[in-house]
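So for the sequence shown, my numbering puts the first residue at 27; every next one is plus one.
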Amino acid sequence: MIPIIYLIVSAIVILLLTTRQKNYWTAPSGMTLTLKREVLVCLICFGLSYASIEFHKKKERNHTQFSIGSLDQKSIDQINYLDRKLAGTWDLEAKRKGKVFKNVAIYLIPVSLLLFIGSLKGRLILFFIFSQGYVLTETMTGLAKGLIDRYRPFAYLSNDAVKFLNDESKEEFLEDIVDYDILNSFFSGDASIVAFSFTFFAFSYSSCYGQSKLKPLIWIVAVSSISLGCYYRTISGKHFPTDVLIGALVGAFVAFFILGIHQKLAT
27 MIPIIYLIVS AIVILLLTTR QKNYWTAPSG MTLTLKREVL VCLICFGLSY ASIEFHKKKE
87 RNHTQFSIGS LDQKSIDQIN YLDRKLAGTW DLEAKRKGKV FKNVAIYLIP VSLLLFIGSL
147 KGRLILFFIF SQGYVLTETM TGLAKGLIDR YRPFAYLSND AVKFLNDESK EEFLEDIVDY
207 DILNSFFSGD ASIVAFSFTF FAFSYSSCYG QSKLKPLIWI VAVSSISLGC YYRTISGKHF
267 PTDVLIGALV GAFVAFFILG IHQKLAT
C-alpha cells in the first residue's frame with residue numbers, strides 16, 4: 027500500500043514541478059528537475075520499496091519466538107572482533123538520546139529546507155529532491171534488513187543480566203525482544219537516515235550560501251551529529267559498530283548521489 031501511495035504522490039508532484047515550465051524549474055542552488063529523470067528515480071524507489079516490503083513479510087512469517095539467553099558465549103565468539111564487545115549491551119537512556127538525532131533528521135531538516143533563499147518553486151524543488159533521497163535511503167535500508175538476518179546486540183543479553191534491569195528498561199527490552207525486528211540489526215536505519223539528512227542539509231547549504239562563513243560550522247555540526255547518532259545506537263544495544271558504519275556510509279552516499287545527478291542536469 028505504501029509504495030502505491032508514494033508512486034501516486036510522486037507522480038502528482040513531478041507533474042506540478044515540471045509541466046509548462048520549459049521542461050524544468052531551476053532552484054537557487056543550481057539544481058533542477060526534469061520529467062524523465064524524476065519518473066525514473068521514483069520508479070526505482072517504488073520497486074525497491076515493494077521488494078523490501080515483500081522480503082519483510084516473508085521474514086516475519088518465518089520468524090519464531092526468541093528465547094532470552096539462547097545466544098550463549100559460543101554465539102558471541104562467532105561475531106567479528108570489532109562487534110563482539112557490544113554483544114549483550116542494553117541501555118534505554120542511550121536509545122532515547124539516539125532518537126533525538128533521528129527526529130531532527132526526519133522532521134526539522136526537511137522543514138528547514140523550505141526556509142532557504144530563493145523562490146518558493148526553488149525551495150519546493152529542493153524539498154522534493156530531499157524526499158527522493160529519503161525514500162531511497164529508507165528502501166535500501168529496508169531491503170538490506172529484509173535480506174540479511176543478524177541479531178541485534180541486546181539479543182545476546184543473558185537471563186541473569188535481564189533480571190538486574192530496572193522495571194522500565196526491562197519492559198521495553200521485553201517488547202523489543204519478541205518482535206522479528208530483533209533480526210534486523212544490519213544495517214542501521216537510524217544511522218543511514220541521520221547521515222543522509224545531515225549530509226544533504228550541509229551540502230545544500232553550501233550550494234545555496236556559497237559565500238557564507240557558516241559553512242565550516244554547518245559541516246562540523248553535521249558530522250558531529252552523525253557521529254553522536256551512531257554512537258548512541260551502538261551503546262544502546264540496538265546495533266553493532268559495523269551496522270552503523272555501513273548505514274552512515276549508505277546515507278551519505280545517497281545524499282551526494284541524489285544531489286549530484288540533479289546538479290549535473292543544470293550544467
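All residues carry an ideal CB built from backbone N, CA and C; glycine is no exception. Predicted, not measured: the structure shown is a model, and the values here were computed from it.
- The alpha-carbon of K62 is positioned some 43 Å away from that of D202.
- Only buried fits N210, as 16 or more other CB atoms lie within 10 angstroms of its CB.
- Uninterrupted beta strand (DSSP E) stretches at least 3 residues long and entirely within the segment 97-147 do not occur.
- For G236, no alpha helix (DSSP H) encloses it, and the DSSP letter there is neither H nor E.
- Judged by pairs of C-beta atoms under 8 Å, the segment 246-261 does not touch the segment 188-196, as fewer than three such pairs exist.
- Here D186 is exposed: its Cβ has fewer than 16 other Cβ atoms, across all protein chains shown, within 10 Å.
- Judged by DSSP secondary structure, K196 falls within the alpha helix (DSSP H) whose first and last residues are 193-203.
- When F226, S101, M57 are compared, the shortest CA-CA separation from V130 is found for F226.
- Per DSSP, the unbroken alpha helix (DSSP H) holding I79 starts and ends at 61-87.
- Secondary-structure assignment with DSSP links N210 through a beta bridge to R176.
- Straight-line measurement puts the Cα of I94 at about 30 Å from the Cα of T165.
- For G263, the closest C-alpha among the options P136, S214, G172, G168 is that of S214.
- Contact annotation: the segment 148-158 does not touch the segment 261-278, with fewer than three C-beta pairs closer than 8 Å.
- Around the beta carbon of V126, fewer than 16 other beta carbons sit within 10 angstroms, so the residue counts as exposed.
- In this structure, the beta-carbon distance from L150 to F81 does not fall below 7 Å.
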